[in-house]
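Peer 1: When you read off a place in the sequence shown, starting at 1, and then add 12, the result is the number in our numbering. All residues carry an ideal CB built from backbone N, CA and C; glycine is no exception. None of these values were measured; they are calculated from a predicted model. Here's a structure for you.
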Amino acid sequence: MATIQIDRLLETCVRRGASDLHLHCGRPPVLRIHGRLRNLETKVLEPEDTISLMKAITPDRNQQEIQEEGGTDYGFAFGDAARFRVAVFKQKGNISMVLRQIPNKLLTFEEIGLPAIVKSLCRRPRGLFLVTGPTGSGKTTTLATMIDYINSEMDQHIVTVEDPIEYYHPHKKSMVNQREVGSDVPSFSEALRRVLRQDPDVILVGELRDLETMESAIRAAETGHLVFGTLHTTGAQGTISRISDQFPVNQQEQIRVQLSSNLIAVLSQALLPRTTTGRVAAYEFMVVTPAISNLIRENKVYRIDSSIQTGKKYGMQLLDDHLWMLFDQGIISLEELLDKCRSPGQMKSKLDIHRPGWGVGYGPIIGGVTTGDENE
């Protein structure tokens with residue numbers, strides 16, 4: 013009964029294009045569609061329902077971890093339709109589950125709207141490329157697109173360290189080895205300690221979650237590898253501050269020097285619901301030029317935003333400028349613009365100039381209005 017039910021729920025999730033499926037006691041199953049939660053018209057889940065649904069798809073090793081640790085994470089393939097990343101956890105003594113759908117189809121640079129210069133950065137022989145943003149902002153999809161581009165266009169040895177593995181990459185022109193934390197290797201830092209002996213050209217670190225992993229990633233970039241990593245930060249400026257602040261004070265200057273010579277780009281993104289249907293990504297993009305490299309080394313990160321504004325010829329842009337463009341074209345709503353921007357005060361001032369009265373309360377969307385502020 014439970015197996016049939018979980019299969020039906022997963023089929024519904026795939027068919028309706030939901031990003032997540034929530035299974036919690038005291039509520040019917042819930043889908044997240046285009047960023048919004050929608051109840052399914054089924055029975056309210058009882059404690060025994062969530063237990064049987066969990067047991068239908070959770071490997072024994074992970075069930076053991078739930079008993080010992082109160083939660084577990086893993087990934088599994090739902091036939092050829094999709095893969096799911098699963099988080100199981102206990103709350104109020106009951107089992108809860110969240111299943112994130114990972115589409116089988118890898119997207120192209122054009123489909124996700126990445127700046128064209130990213131392709132040339134993916135061809136760099138060495139350096140650190142960071143993709144940042146809050147949970148659910150599409151970092152995994154962006155990285156999968158970059159890895160697939162390298163895999164299709166270049167003959168490289170790509171090693172990924174993920175928790176859990178989300179997108180599967182078959183060997184194409186490159187060789188791809190994907191290591192899963194928990195089953196293939198105990199931790200990110202342990203995987204990175206060993207990866208340099210595996211003759212990699214490109215290394216993907218699913219998450220730079222601790223000091224040791226950050227150190228190892230910077231060292232790998234320094235020793236002649238192209239390293240991709242993710243952080244839960246917003247904006248290029250905040251990302252650099254976060255990395256240096258992780259280290260003890262007596263090491264921070266050395267880390268800034270290493271970052272200034274090894275960091276090649278920071279792509280910071282947010283995923284927003286469109287005013288019509290579906291979602292759209294907004295990007296902040298910084299390419300490390302000699303000028304920005306000096307700012308990092310001299311600990312003048314507060315001046316990075318103005319360098320990004322003057323670096324448009326390199327494809328650079330600030331998150332707030334991209335959000336304004338999406339709002340101006342009627343693609344996102346005023347609420348989303350003000351919720352996701354980094355400087356709400358400045359954004360309201362801009363609204364007062366170009367849309368008088370709009371910054372006071374939330375107004376209607378006027379599609380495709382041009383404001384004549386292309387030079388801003």
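Would you identify the three-state DSSP class for H181, choosing helix, strand or coil?
Peer 2: Coil at H181, not helix or strand.
Peer 1: Quick check on T154: buried or exposed, where buried means 16 or more other Cβ atoms within 10 Å of its Cβ?
Peer 2: So T154 ends up on the buried side.
Peer 1: If you drop the 5 nearest sequence neighbours on each side, which residues of the same chain put their C-beta closer than 6 Å to that of R112?
Peer 2: The residues are D32, R97.
Peer 1: Can you give me the start and stop residues for the beta strand (DSSP E) that V56 sits inside?
Peer 2: Element bounds for V56: n/a, residue is neither H nor E.
Peer 1: Alpha carbon to alpha carbon, how far is T289 from H46?
Peer 2: One C-alpha to the other measures close to 7 Å.
Peer 1: Would you call the CB atoms of T225 and F200 closer than 8 Å?
Peer 2: Yes. Within cutoff.
Peer 1: What is the C-beta distance between L57 and P40, in whole angstroms, given that I count them as a contact (C-beta under 8 Å)?
Peer 2: Indeed, because the Cβ distance is near 7 Å, the residues count as touching under 8 Å.
Peer 1: Give me, in chain order, the residues of the same chain whose beta-carbon lies closer than 6 Å to that of I320; leave out the 5 immediate sequence neighbours on both sides.
Peer 2: Hits under 6 Å: M298, M328, L330.
Peer 1: In the DSSP assignment, what residue or residues form a beta bridge with L216?
Peer 2: In the DSSP output, where bridge partners are listed per residue, L216 has T172, F240.
Peer 1: Between the C-alpha atoms of T287 and D196, what's the straight-line distance to the nearest angstrom?
Peer 2: Cα to Cα, the separation comes out at about 42 Å.
Peer 1: Would you call C25 buried or exposed, if buried means 16 or more other Cβ atoms sit within 10 Å of its Cβ?
Peer 2: Classification of C25: buried, given that the 10 Å Cβ count is 16 or more.
Peer 1: For R268, which residues does DSSP report across the bridge?
Peer 2: The partner list for R268 (beta bridge, DSSP) is empty, contrary to what the question assumes.
Peer 1: By alpha-carbon positions, which one of N163, R268, G83 ends up nearest to P212?
Peer 2: The shortest C-alpha separation from P212 is found at N163.
Peer 1: Are there three or more Cβ pairs, one per stretch, closer than 8 Å when the stretch 301-315 is compared with the stretch 238-253?
Peer 2: At 8 Å Cβ cutoff, the stretches touch.
Peer 1: Can you list, in chain order, the residues of its chain with a C-beta nearer than 6 Å to that of F339? Leave out the 5 residues immediately preceding and following it.
Peer 2: Contacts found: L349.
Peer 1: Quick one: any contact between the stretch 135-144 and the stretch 263-279, if contact means 3 or more CB pairs under 8 Å?
Peer 2: Verdict: yes, contact present.
Peer 1: Mapping DSSP to helix, strand and coil, what is S195?
Peer 2: Looking at S195 - three-state DSSP - the assignment turns out to be coil, as it is neither helix nor strand.
Peer 1: Decide if the stretch 121-130 is in contact with the stretch 293-310; the criterion is three or more beta carbon pairs, one per stretch, under 8 Å apart.
Peer 2: The stretch 121-130 is in contact with the stretch 293-310.
Peer 1: Is the Cβ-Cβ distance between S280 and T152 less than 8 Å?
Peer 2: No.
Peer 1: Is it buried or exposed, G91, if we count other Cβ atoms within 10 angstroms and call 16 or more buried?
Peer 2: Counting Cβ neighbours within 10 Å, G91 comes out exposed, since fewer than 16 surround it.
Peer 1: Evaluate Q76 with the Cβ neighbour count: other Cβ atoms within 10 Å of its Cβ, from every protein chain shown; 16 or more gives buried, anything less gives exposed.
Peer 2: When all chains shown are included, Q76 counts as exposed.
Peer 1: Please list, in chain order, all residues of the same chain as T62 whose beta carbon is under 8 Å from its beta carbon, the five residues on each side excluded.
Peer 2: The answer, listed in chain order, is L35, H36, C37, N106, I107, S108, M109.
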